[in-house]
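Beneath this line is the structure, given in structure tokens, with notes to follow.
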Amino acid sequence: MVKHLTSMEELNAAEILSLVKRALSLKNGETYNVGKTLYASNLFFENSTRTKVSFEVAEREIGLQVVPFETSTSSVQKGESLYDTCKTLEKIGINVLVIRHFQNEYYRSLSQLNIPVINGGDGSGQHPSQCLLDLMSIYEHFGKIEGLKILIAGDIRNSRVAKSNAVALKKLGAHVVFAAPEVWQDTQLGEYVSIDEVIQDIDVCMLLRVQHERHDQADTQSFSKETYHCQYGLTVERYNRLKENSIVMHPAPVNRDVEIADCLVEAEKSIIFEQMKNGMYMRQAILEWILKENNIV
Ligand code: CP
Numbered sequence: 132m133v134k135h136l137t138s139m140e141e142l143n144a145a146e147i148l149s150l151v152k153r154a155l156s157l158k159n160g161e162t163y164n165v166g167k168t169l170y171a172s173n174l175f176f177e178n179s180t181r182t183k184v185s186f187e188v189a190e191r192e193i194g195l196q197v198v199p200f201e202t203s204t205s206s207v208q209k210g211e212s213l214y215d216t217c218k219t220l221e222k223i224g225i226n227v228l229v230i231r232h233f234q235n236e237y238y239r240s241l242s243q244l245n246i247p248v249i250n251g252g253d254g255s256g257q258h259p260s261q262c263l264l265d266l267m268s269i270y271e272h273f274g275k276i277e278g279l280k281i282l283i284a285g286d287i288r289n290s291r292v293a294k295s296n297a298v299a300l301k302k303l304g305a306h307v308v309f310a311a312p313e314v315w316q317d318t319q320l321g322e323y324v325s326i327d328e329v330i331q332d333i334d335v336c337m338l339l340r341v342q343h344e345r346h347d348q349a350d351t352q353s354f355s356k357e358t359y360h361c362q363y364g365l366t367v368e369r370y371n372r373l374k375e376n377s378i379v380m381h382p383a384p385v386n387r388d389v390e391i392a393d394c395l396v397e398a399e400k401s402i403i404f405e406q407m408k409n410g411m412y413m414r415q416a417i418l419e420w421i422l423k424e425n426n427i428v
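Numbering (the working numbering), first residue to last: 132 to 428.
As structure tokens, this is what we get:
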């Protein structure tokens, strides 16, 4: 049975912490190399900057040969299914696939493949590598995750980052609350609060992008950019109420002056760009782990 990484539901707390610590070791100078000729391919059916580029750099860092795959010039454009595309790459000799796809749980159609799949984000479903780099960034700052108070604020309903982080943070013993306009809530995830009631008590303020591309007319009519920022965004006034040792996170891309005031994106408590740096090390750790789990190295 091939081991994939498609959802944070699949990992237990020990496996998550092991990946976090391994990524931090790699950041602190340890190295890993697959030591033989192995191929990786990154199939992105939705746009990406961070996930695609950092997976590619991570693959090269650990000695994988990266085989380019552009969805826009592939036979997907002739109607080939995702399964047939991936089976083809498996038979040609690719050893690991990273896939981002607009369809929730696209990976269910790939469970019979004999090649590991790392989910680079599925619709509004899950984004495990983003979640793991977020956990790495929190652990790097606090030296723990258990007991931390974490606010996740934004377009929760459409956010795969919110769903992966909600699952994983609870597994690791963090106290997670959410803030979102009612139309963007997913009430199955947990308790919703007013950002102004909790801002002075939280350790982590995790902001999520307003996902305009997934909105219908009702969503866009609900909020102007300014109204959203005033009611749910990190304003300078809210930033000044944060605890001294708290951190501000955002998976990016950021809508400046919507989720966070433009002047706060690189403020002292913001680790937004450090998250992106950590992503490359976490993706090395994920690739190493999945290749070892599947006895490919
Ligand atoms: N955070 C994130 O997934 O960014 P990209 O869409 O640029 O990969």
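Glycine included, C-beta positions come from ideal geometry on N, C-alpha and C.
Near residue i, which residues of its chain fall below 6 angstroms by C-beta distance, leaving aside the five closest residues on each side in sequence?
{"i": "D317", "result": "I287, R288"}
{"i": "Q342", "result": "D286, N289"}
Measuring only the C-alpha atoms, how far is residue i from residue j?
{"i": "G252", "j": "N173", "result": "12 angstroms"}
{"i": "I330", "j": "R372", "result": "7 angstroms"}
{"i": "N250", "j": "D332", "result": "34 angstroms"}
{"i": "D388", "j": "K423", "result": "43 angstroms"}
{"i": "A299", "j": "V198", "result": "31 angstroms"}
{"i": "S149", "j": "E397", "result": "29 angstroms"}
{"i": "G224", "j": "V292", "result": "31 angstroms"}
{"i": "I421", "j": "C361", "result": "43 angstroms"}
{"i": "N159", "j": "T204", "result": "39 angstroms"}
{"i": "L264", "j": "V385", "result": "17 angstroms"}
{"i": "K301", "j": "K209", "result": "43 angstroms"}
{"i": "Y270", "j": "G304", "result": "13 angstroms"}
{"i": "E405", "j": "S290", "result": "21 angstroms"}
Who are the near neighbours of residue i in its chain, counting only those whose CB is closer than 8 angstroms to its CB and skipping five residues on each side?
{"i": "I402", "result": "S268, H272, I378, V379, M380"}
By DSSP, does residue i sit in helix, in strand, or in coil?
{"i": "M132", "result": "coil"}
{"i": "A305", "result": "coil"}
{"i": "S325", "result": "coil"}
{"i": "R387", "result": "strand"}
{"i": "L339", "result": "coil"}
{"i": "A145", "result": "helix"}
{"i": "A293", "result": "helix"}
{"i": "G410", "result": "helix"}
{"i": "I421", "result": "helix"}
{"i": "D253", "result": "strand"}
{"i": "V314", "result": "helix"}
{"i": "H360", "result": "helix"}
{"i": "I378", "result": "strand"}
{"i": "S355", "result": "coil"}
For residue i versus residue j, is the C-beta spacing smaller than 9 angstroms?
{"i": "M407", "j": "E192", "result": "no"}
{"i": "G256", "j": "K294", "result": "yes"}
{"i": "I417", "j": "S260", "result": "yes"}
{"i": "V308", "j": "L282", "result": "yes"}
{"i": "R369", "j": "D327", "result": "yes"}
{"i": "I246", "j": "F176", "result": "no"}
{"i": "A171", "j": "L195", "result": "yes"}
{"i": "G364", "j": "A383", "result": "no"}
{"i": "L155", "j": "Y163", "result": "no"}
Within its chain, find whatever has a CB closer than 7 angstroms to the CB of residue i; leave out the 5 residues flanking it on each side and keep chain order.
{"i": "S240", "result": "L213, Y214"}
{"i": "R414", "result": "S185, F186, A189, S260"}
Requested in this report: Enumerate, from N- to C-terminal direction, the unbroken alpha helix (DSSP H) stretches of 4 or more residues contained entirely within the segment 166-230.
Outcome: 181-192, 213-223
Query - Uninterrupted beta strand (DSSP E) stretches inside the segment 261-288 (no shorter than 3 residues) - result: 280-284
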